[in-house]
Amino acid sequence: MFLYTLLTIGLISCNLDSKLPNKEQKNNNDIKETLGSSVQENALNNLYGNQEEKKDFKNFEELKDESLIALAKSLASTRPTTVGNIESAVLPVGHVVSLETSANKVSIPTISIKHNQKKEIKKEDLSPSTKEEKKADKAIKDIENLIRDSGFPELIESMYSLKHEYTLIRNNFYDVITKIRNKKTSLIKNGRNNRDKIKELTQLQNNLKIVDELDEIMVHIDIAEQEIRSAAFFFNEAKEILKEGIIKRLESENKVASQLARQALNKVEDALKSLEASSSKRGLAMGRRRIIKELIENAKTVLSKS
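In UniProt numbering, the protein residues as written are 1 to 306.
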């Protein structure tokens, strides 16, 4: 750029000198020499400045390379060595810190050490300790004492037996009703002589108007069975939630542990409500069973005498 400027000034000066008088040409030459000397001096200063910058940059690159070489040697001195077939232990390597420059890149590994190892939890450690845990555990034990050794499977099996028994009772009932109807029809043919017997059979039919009640009791038995299944579900869920809460407490997650203990208690209460509902409906079915069976047996006795 500076050479181009010098050439341009020289050409312009030559053209101007050719058109000026001798005296003016001499003055012009003096000015031109002064200007040329100034421009040349600036150009040399710029060139020298660039050379100094390059020299400083080169010195910086050399210094940087020496630092990197020293760093690499330091890393090499800490690298694990192998003696025979035994290699020294290597620590786990975490994230890598990258040192980037315009000339090259160096990656330095950093070492991370984990301190979050979980404590081993044994079965004997899973015992209630807090007030909420003990309350939930007591409610669970109360249900266990309530169902005793039978457990939920046997409670469900008992409902199957009760349902089967009512099926037999209903079959006997319809059989007796059919016999009463047929007997009454035969007596009506000679109604004048069988008036008392017909009246007795009519009264017997009125006493056996329990069809709707039988159907309702069968529905109660089905509901009682479902309530037992629900109670079993809530009960097992409560035990699992309480166990999880104790584990969280042992892991020092006290807030979560407290929430789980309360949740376990709620599940136990739901199980208890389902058991109470089942027991109520089962008691109703068993209580009416005796009365219905007596009615059917009495009807059979009357039929046998008529």
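Think of the CB as a built atom: it goes at the ideal place given N, C-alpha and C, for glycine as much as any other residue.
Sequence-distant Cβ neighbours of Glu237 in its own chain, meaning closer than 6 Å and more than five residues away, are Lys267.
In the three-state scheme derived from DSSP, where H, G and I count as helix and E and B as strand, Leu272 is classed as helix. The beta carbon of Ile241 is closer than 7 Å to those of Leu260, Gln263, Ala264 and Lys267 in its chain, skipping five residues each way along the sequence.
With contacts defined by Cβ atoms closer than 8 Å, Leu201 and Lys184 form a contacting pair. When rounded, the separation of the alpha-carbon atoms in His220 and Asp125 is 43 Å. In this structure, the straight-line span from the alpha carbon of Ile147 to that of Gly191 is close to 58 Å. Counting the other CB atoms within 10 Å of its CB gives Ser127 a total below 16, which places it among the exposed residues.
Secondary structure of Pro153 (DSSP, three-state): helix.
Secondary structure within the stretch 139-206: the alpha helix (DSSP H) runs of 4 or more consecutive residues, fully enclosed, are 151-188 (chain order).
Collapsing the DSSP output to three states places Ile210 in coil. An exposed status is given to Tyr174, since fewer than 16 other beta-carbon atoms sit within 10 Å of its beta-carbon.
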